[in-house]
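The sequence shown begins at 1 in full-length UniProt numbering and counts up by one. Note that the Cβ used here is the ideal one computed from N, Cα and C, for glycine as well. Working notes for the structure below.
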Amino acid sequence: MYYDSQVALIDAWPATQPRRFSERQHAVLDALEQVFDERGLRAVTLSDLTAAARCSRTTLYDIAPGKEQLFLVVLDRVMRRIAAGGRDAAARVDDPIEQVAAITTAAAAGLGRMSPVFLDSVNAHPAATLLYERHVSDARDTVERVMQHAIDQRLCRPIHPRVVADSLIVLALHFGGPRAMPAHDLGPTEALRQALDLLVAGLRA
Numbered sequence: 001m002y003y004d005s006q007v008a009l010i011d012a013w014p015a016t017q018p019r020r021f022s023e024r025q026h027a028v029l030d031a032l033e034q035v036f037d038e039r040g041l042r043a044v045t046l047s048d049l050t051a052a053a054r055c056s057r058t059t060l061y062d063i064a065p066g067k068e069q070l071f072l073v074v075l076d077r078v079m080r081r082i083a084a085g086g087r088d089a090a091a092r093v094d095d096p097i098e099q100v101a102a103i104t105t106a107a108a109a110g111l112g113r114m115s116p117v118f119l120d121s122v123n124a125h126p127a128a129t130l131l132y133e134r135h136v137s138d139a140r141d142t143v144e145r146v147m148q149h150a151i152d153q154r155l156c157r158p159i160h161p162r163v164v165a166d167s168l169i170v171l172a173l174h175f176g177g178p179r180a181m182p183a184h185d186l187g188p189t190e191a192l193r194q195a196l197d198l199l200v201a202g203l204r205a
């Protein structure tokens, strides 16, 4: 019963339902994602996208009405994939503290697969920035819910769950972004692991 309740909390992230695409549209979006990841948004034309996806403009317009909107669809798909990775990682452990650590690790890994030019395009496009921040907010809310459950069950110190959620989001963004800086002689992955070990130990103290 306890495990089922944890799964229910995690499955609520993100709350909004994704668009459904055909198998062909998924293949097209895979190609578009590769182009945007390599070249960003501004330098790419619709002709570049049709050539990469080997499709007509009509096929692209069936997905979204323009280049910027296609970029938003790709970004949403990327962020949902990161969210799914977090859910899968959390589902492999029962302890809620380990779950939020697993979500953070998976999120950092997913963010790290974004290229610098892709993230620059997100930051330069207001709608993309809002979409990105919405997904980050969804992740923060999920971690907060799991932490509140852990606190209610007296499985950790009575710290405010939002503080924990904010701290974990900061760690994921700092060590997981495409420009993540190593900590001294550590790589980002090991630095994140050590930071999470410290935070988990503090929550249990």
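Span of the alpha helix (DSSP H) around P161: Along the sequence shown, one-based indexing puts residue 161 at 161. Looking at the DSSP string, the run of the alpha helix (DSSP H) that includes P161 is 161-176.
Whole-Å CB distance - G86 paired with A150, under 8 Å assumed: For the purposes of this step, residue 86 is taken as residue 86 along the sequence shown, with counting starting at 1. For the purposes of this step, residue 150 is taken as residue 150 along the sequence shown, with counting starting at 1. Rounded, the Cβ-Cβ distance is 17 Å, inconsistent with contact.
Test item: CB-CB of L75 and L32 under 8 Å: By 1-based counting over the sequence shown, the position of residue 75 is 75. By 1-based counting over the sequence shown, the position of residue 32 is 32. Taking 8 Å as the Cβ cut-off, L75 and L32 do not qualify as a contacting pair.
F21, DSSP secondary structure in three states: What you label residue 21 is simply residue 21 of the sequence shown in a count that begins at 1. Three-state DSSP puts F21 in coil, outside helix and strand.
Check whether residue 258 and P18 have beta carbons under 8 Å apart: Residue 258 lies beyond the range of the chain shown here (1 to 205); nothing can be said about it.
Contact the segment 114-130 vs the segment 30-44: 3+ CB pairs below 8 Å: yes
Contained beta strand (DSSP E) runs [length at least 3] in the segment 33-112, N- to C-terminal order: none
Y61, buried or exposed, once every other Cβ within 10 Å from all chains shown has been counted against 16: Walking along the sequence shown from the start, residue 61 turns up at place 61. Y61 is exposed by the Cβ-count criterion.
Where the alpha helix (DSSP H) containing L198 begins and where it ends: Here residue 198 is taken as the residue at index 198 of the sequence shown, counted from 1. 188-204 is the span of the alpha helix (DSSP H), which, as asked, contains L198.
Neighbourhood of D129 by C-beta distance below 8 Å, restricted to the same chain and skipping five residues each side: The residue you call residue 129 lines up with position 129 of the sequence shown. Before going further, note that residue 129 is Thr rather than Asp in the sequence given. Taken in chain order, the residues that qualify are V122, N123.
Simplified DSSP state of P116, which is helix, strand or coil: Looking up residue 116 in the sequence shown gives position 116. Here P116 sits in helix by DSSP.
Contact under 8 Å by Cβ, L203 with T104: Here the question's residue 203 lines up with position 203 in the sequence shown. Here the question's residue 104 lines up with position 104 in the sequence shown. For L203 and T104, no; Cβs fall outside 8 Å.
Residue burial classification, V163 (beta-carbon count within 10 angstroms, cutoff 16): The residue labelled residue 163 in the question sits at position 163 within the sequence shown. Classification for V163: exposed.
Beta-carbon proximity of L119 to P178, cut-off 8 Å: Against the sequence shown, residue 119 aligns to sequence position 119. Against the sequence shown, residue 178 aligns to sequence position 178. Yes. Within cutoff.
Assigned exposure category for Q99 - 16 Cβ within 10 Å defines buried: Walking along the sequence shown from the start, residue 99 turns up at place 99. The residue in question, Q99, is buried, as its Cβ has 16 or more Cβ neighbours within 10 Å.
G110 classed as buried or exposed, judged by whether at least 16 other C-beta atoms fall within 10 angstroms: Taking the first residue of the sequence shown as position 1, residue 110 is located at position 110. Classification of G110: buried, given that the 10 Å Cβ count is 16 or more.
From Q34, L186, Q148, L131, residue whose alpha carbon lies closest to that of A53: Along the sequence shown, one-based indexing puts residue 53 at 53. Per the Cα distances, Q34.
For D166 and E190, the rounded distance between their alpha carbons: As a working mapping, residue 190 is identified with position 190 in the sequence shown. As a working mapping, residue 166 is identified with position 166 in the sequence shown. Roughly 20 Å separates the two Cα atoms.
Reduced DSSP secondary structure (H/G/I, E/B, other) of D185: Reading the sequence shown from its first residue, position 185 is the one you call residue 185. Looking at D185 - three-state DSSP - the assignment turns out to be coil, as it is neither helix nor strand.
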